Amino acid sequence: MADKLIGKDKIGDFLKALMSKYTVVAPIERGDAPAEFQEIADGDTPVLDGSKNMMPPKDYLLPRHEVLVKIDMSGGETKVETPLPEDKPRVIMGAWLPDAQGIQVLDRVFLDRKFIDPYYARRRENLALVAVIPAEMRWSWFCGSVDDVDTWKAGVDALMYDLGDKFYVEVNSDKGAALLEGAPMSVVSDVDVAAKDKLWTEFKNTGLLPFAGKALYENLAWDDPVWGEIADKCIACGMCSYMCPTCTCFDIQDETCGNCVERYRCRDTCQFEDFTLMGHGHNPRSTQLPRSRQRLLHKFRYQHEQFGVVGCTGCGRCVELCPVNVDIREVLCRTCAEPMEQAAEN
Amino acid sequence: MIETTHENPITTLPYTPMPAVVTKIITETWDTKTFRAEFTDEALKENFTYEPGQFQQVSVFGVGECTFCLTSSPTRKGYIEFSVKKVGSVTSALHSMTEGGVVGIRAPLGNYLPYHEWKGKNLLFAGGGIGMAPMRALLNFCLDNRDDYGDITTIYGARTPGDLCFKYEYEEWDSKGKLHLTVDAGEDDWKGHVGHVPGYLKELAPSPENTIAITCGPPIMIKFILPEFANLGFKPEQIYTTLEMKMKCGVGKCGRCNIGSKLVCLDGPVFSLAEIDELPPEF
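Sequence order for the protein chains is A and B. The first sequence begins at 803 in my numbering and counts up one residue at a time. The second sequence begins at 436 in my numbering and counts up one residue at a time.
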């Protein structure tokens, strides 16, 4: 499908038509608070340009709380049921491109290994993803530093570039084409293409740090002193994991009500002390230092070794929100840029 | 949408435990019991297969789930067994269970001891304490396929004679193979060897020729036994162990059990020493 334009004044009608076929999830403004991805209803006016986003739309693939199995022990028999998510088509609209790329990382974890996660798979099959490049770049983004962002486009069904009073829409899949079928769109002009290319270049160059993507995972050392320095500052609040579009770690717990048990999963993080604490008291990551190292090596090295993708999309949330100002960009510059300079000198 | 399953759902619904009845509880030591369980679903009970070295997730519904190795041998069909040391909430709930109680099982999980590559070789098991449990699966498997292997030697130790598990199988282990027992501290009626497993290994000095060593035990035993194996001439490729890490899902998703880029639940729990040497030092 050729690239198209859609005027911002036509978005309301477009969403209305879309909502007859899909559940639409988009950022809804909440006063002074950042917008939140919600299932929109008639009359909602979501902010699709990405300017109000803070939380990634991860909840719609990996809910914060999800019942995995229900066990009924009434009547002397143990019955186990598996409540899989409802089979309904859903569109996420207005996600930042780095958040959409985050879903590619989730896919590797939940769909790519020996076991497929049936809950995630059911939601993912039903999901169409429309990402956005906002008119103004977020100050904390460093997407182009962690990966070749041109490869990210293939992971979204459609990509909207905010060109002021209109969106420039690139369609990348059949799902995306189906989504936009019949939408009130017009053809693009050379001026529009130039404006879109300019915006893309700006996105690519936002927050470029002094190291190349490849050196990243090769240069992170197990015994780098930086892990100790992060650990000294870190208060293990888990904010970085909670807001992260690629963090997937979860806990599984039982909740009992009478003769019934609900086994649910909920978010967890490698930053918590009891994450790897075993019943007999041994904990392989018993202090903050190995926990700080684990989070960053997992994203930048282990996931690359496992799947060939970098587990960070440079969305910058952890940079913006860390209460003790641990700046992942600084860490990467120190661990990755220095060896490169040395290599250049040799 | 609710889906109820009657077959082993591990490949399609990997978080769904299957009910099993505890049919036998053996008190091994003051803090360890071995549980025998049979799936309530007849078809699953009949068709369930696994390999020595694999593990399972055992649920006490309402309390939680815990990781245990399958200590039974797949040659002995109709049931599975797991040995439990009482340390936390789930293990305590299991210990207070009686025969006829219901548990949930997710199994089989993980890789296994590559016994098919070891046909015609001598096998040397060196275990300490509850570390004998994962090796018992392979030991009994090999004794049931006795003609496929050369010498089958077991060196097993514990703190005191009362801490030795699986006493009811020693006769079989010593008649079909060779069993050497040792304790750190004997009691008056203890006629066997006194000393740690690594020291006893040095004393017995088995030949590494055409031999695979399988070892499992507390970290301190592993630390001291590896140099003894090396002194005897065992190469890292000849030494196998099973690793332990905290797990919740057991299927590669929850993020707890990685050592570097390897996951103990998917890439393990069985590793050769050669493979372990490639991992970051995090266990």
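Glycine included, C-beta positions come from ideal geometry on N, C-alpha and C. It should be emphasised that the depicted structure is a prediction, and the values quoted were computed from it without experimental measurement.
If I follow the unbroken alpha helix (DSSP H) through residue i, where does it start and stop?
{"i": "M570 (chain B)", "result": "M567 to D579"}
{"i": "T446 (chain B)", "result": "No alpha helix (DSSP H) contains T446 (chain B), which DSSP labels as neither H nor E."}
{"i": "E638 (chain B)", "result": "V632 to L639"}
{"i": "I587 (chain B)", "result": "Careful: I587 (chain B) lies outside any alpha helix (DSSP H), inside the beta strand (DSSP E) at I587 to A593."}
{"i": "D1034 (chain A)", "result": "V1028 to K1035"}
Using a C-beta to C-beta distance shorter than 7 Å, which residues of chain A count as neighbours of residue i?
{"i": "T447 (chain B)", "result": "P920"}
{"i": "R691 (chain B)", "result": "F1077 and T1078"}
{"i": "L701 (chain B)", "result": "R915 and K916"}
{"i": "G687 (chain B)", "result": "R915, K916 and F917"}
{"i": "K681 (chain B)", "result": "T1078, L1079 and M1080"}
{"i": "G404 (chain B)", "result": "Since the first residue of chain B shown is 436 and the last is 718, residue 404 (chain B) is not available in this structure."}
{"i": "P715 (chain B)", "result": "W1024"}
{"i": "E500 (chain B)", "result": "I1054"}
{"i": "C651 (chain B)", "result": "Those do not exist, as C651 (chain B) stays about 15 Å from chain A at its closest Cβ, beyond 7 Å."}
Taking only the alpha-carbon atoms, compute the straight-line gap between residue i and residue j and give it to the nearest angstrom.
{"i": "W553 (chain B)", "j": "Y584 (chain B)", "result": "7 Å"}
{"i": "C1062 (chain A)", "j": "E883 (chain A)", "result": "11 Å"}
{"i": "N645 (chain B)", "j": "S508 (chain B)", "result": "24 Å"}
{"i": "E438 (chain B)", "j": "P643 (chain B)", "result": "Low per-residue confidence applies at E438 (chain B): pLDDT is 45, beneath 50, and the placement is therefore not dependable, though the value from the model is reported in the following sentence. So the alpha carbons of these two residues sit roughly 52 Å apart."}
{"i": "L929 (chain A)", "j": "Y862 (chain A)", "result": "9 Å"}
{"i": "N546 (chain B)", "j": "E638 (chain B)", "result": "33 Å"}
{"i": "S707 (chain B)", "j": "M803 (chain A)", "result": "53 Å"}
{"i": "A568 (chain B)", "j": "T502 (chain B)", "result": "13 Å"}
{"i": "S822 (chain A)", "j": "K998 (chain A)", "result": "30 Å"}
{"i": "N443 (chain B)", "j": "P449 (chain B)", "result": "9 Å"}
{"i": "R1087 (chain A)", "j": "A472 (chain B)", "result": "33 Å"}
{"i": "T440 (chain B)", "j": "I813 (chain A)", "result": "Unreliable placement is indicated for T440 (chain B), whose pLDDT of 46 sits below 50; no coordinate value is reported for it."}
{"i": "Y550 (chain B)", "j": "W608 (chain B)", "result": "18 Å"}
{"i": "D851 (chain A)", "j": "A937 (chain A)", "result": "7 Å"}
{"i": "V699 (chain B)", "j": "N693 (chain B)", "result": "6 Å"}
{"i": "F601 (chain B)", "j": "E713 (chain B)", "result": "34 Å"}
{"i": "M856 (chain A)", "j": "K810 (chain A)", "result": "22 Å"}
{"i": "C1072 (chain A)", "j": "S1094 (chain A)", "result": "8 Å"}
{"i": "V973 (chain A)", "j": "D805 (chain A)", "result": "7 Å"}
{"i": "S991 (chain A)", "j": "L913 (chain A)", "result": "40 Å"}
{"i": "A835 (chain A)", "j": "F1074 (chain A)", "result": "27 Å"}
{"i": "K681 (chain B)", "j": "A996 (chain A)", "result": "53 Å"}
{"i": "T447 (chain B)", "j": "V989 (chain A)", "result": "46 Å"}
{"i": "Q1105 (chain A)", "j": "K688 (chain B)", "result": "13 Å"}
{"i": "T506 (chain B)", "j": "V932 (chain A)", "result": "50 Å"}
{"i": "I647 (chain B)", "j": "P641 (chain B)", "result": "11 Å"}
{"i": "Y603 (chain B)", "j": "P671 (chain B)", "result": "33 Å"}
{"i": "E1031 (chain A)", "j": "H628 (chain B)", "result": "50 Å"}
{"i": "D1056 (chain A)", "j": "G536 (chain B)", "result": "18 Å"}
{"i": "T462 (chain B)", "j": "T677 (chain B)", "result": "24 Å"}
{"i": "V1133 (chain A)", "j": "L864 (chain A)", "result": "28 Å"}
Rounded C-beta distance between residue i and residue j? I'm assuming under 8 Å.
{"i": "G1116 (chain A)", "j": "W943 (chain A)", "result": "6 Å"}
{"i": "G488 (chain B)", "j": "V705 (chain B)", "result": "5 Å"}
{"i": "A455 (chain B)", "j": "V519 (chain B)", "result": "Actually they do not touch by this definition, with Cβ atoms about 14 Å apart."}
{"i": "L573 (chain B)", "j": "Q492 (chain B)", "result": "Actually they do not touch by this definition, with Cβ atoms about 20 Å apart."}
{"i": "C1051 (chain A)", "j": "D1070 (chain A)", "result": "5 Å"}
{"i": "Q1090 (chain A)", "j": "A1023 (chain A)", "result": "18 Å between Cβ atoms; not a contact."}
List the residues of chain B that residue i touches, going by C-beta distances under 9 Å, in chain order.
{"i": "I873 (chain A)", "result": "P452, P454, S494, F496, G497 and G539"}
Taking Cβ-Cβ distances shorter than 7 Å, what residues in chain B pair up with residue i?
{"i": "V911 (chain A)", "result": "K688"}
{"i": "Y780 (chain A)", "result": "Shown here, chain A extends from 803 to 1148; a query on residue 780 (chain A) therefore has no answer."}
{"i": "C1072 (chain A)", "result": "G690"}
{"i": "T1048 (chain A)", "result": "Within 7 Å Cβ-Cβ: nothing; T1048 (chain A) doesn't reach chain B, min ~11 Å."}
Let's see if you can read the secondary structure: which residues bound the beta strand (DSSP E) around residue i?
{"i": "V1063 (chain A)", "result": "C1062 to R1069"}
{"i": "A979 (chain A)", "result": "It is not in any beta strand (DSSP E) - A979 (chain A) instead sits in the alpha helix (DSSP H) that spans D976 to L982."}
{"i": "A997 (chain A)", "result": "Segment D992 to N1007 is the alpha helix (DSSP H) holding A997 (chain A); no beta strand (DSSP E) there."}
{"i": "R892 (chain A)", "result": "R892 to W898"}
{"i": "K968 (chain A)", "result": "K968 to V973"}
{"i": "C1051 (chain A)", "result": "Here C1051 (chain A) belongs to no beta strand (DSSP E), and DSSP marks it neither H nor E."}
{"i": "P543 (chain B)", "result": "V537 to L544"}
{"i": "V932 (chain A)", "result": "L929 to I935"}
{"i": "L559 (chain B)", "result": "N557 to G563"}
{"i": "L961 (chain A)", "result": "A960 to D964"}
{"i": "V882 (chain A)", "result": "K881 to P885"}
Just the chain A side, please: which residues come within less than 9 Å of residue i by C-beta, in chain order?
{"i": "G695 (chain B)", "result": "W1024, L1099, R1103, Y1104 and E1107"}
{"i": "C504 (chain B)", "result": "Chain A residues near C504 (chain B): none, gap ~14 Å exceeds 9 Å."}
Using a cut-off of 8 Å between C-beta atoms, extract the partners of residue i located in chain A.
{"i": "T526 (chain B)", "result": "G1081"}
Please list, in chain order, the chain B residues whose beta carbon lies closer than 8 Å to that of residue i.
{"i": "C1051 (chain A)", "result": "C689, G690 and R691"}
Complete alpha helix (DSSP H) runs within the segment 643–718 of chain B (minimum length 4 residues, chain order): Within the segment 643–718 of chain B, complete alpha helix (DSSP H) segments of at least 4 residues are found at 654–667 and 708–712, given in chain order.
Would you list, in sequence order, the uninterrupted beta strand (DSSP E) runs of no fewer than 3 residues that lie entirely inside the segment 451–523 of chain B? Entirely contained in the segment 451–523 of chain B, the beta strand (DSSP E) runs reaching 3 residues are, in chain order, 453–462, 467–474, 490–495, 499–504 and 515–520.
Return the chain-ordered ranges of every alpha helix (DSSP H) run that is complete within the segment 806–871 of chain A and spans a minimum of 4 residues. Entirely contained in the segment 806–871 of chain A, the alpha helix (DSSP H) runs reaching 4 residues are, in chain order, 813–821.
Please give the ranges of any alpha helix (DSSP H) in the segment 596–626 of chain B, keeping only runs that are unbroken, at least 4 residues long and fully inside the region. Within the segment 596–626 of chain B, the runs of alpha helix (DSSP H) that reach at least 4 residues and sit entirely inside it are, in chain order, 605–611.
Extract the residue ranges of the alpha helix (DSSP H) inside the segment 1081–1126 of chain A, only unbroken runs of 4 or more that lie entirely within it. Listed in chain order, they are 1090–1099, 1105–1109 and 1119–1123.
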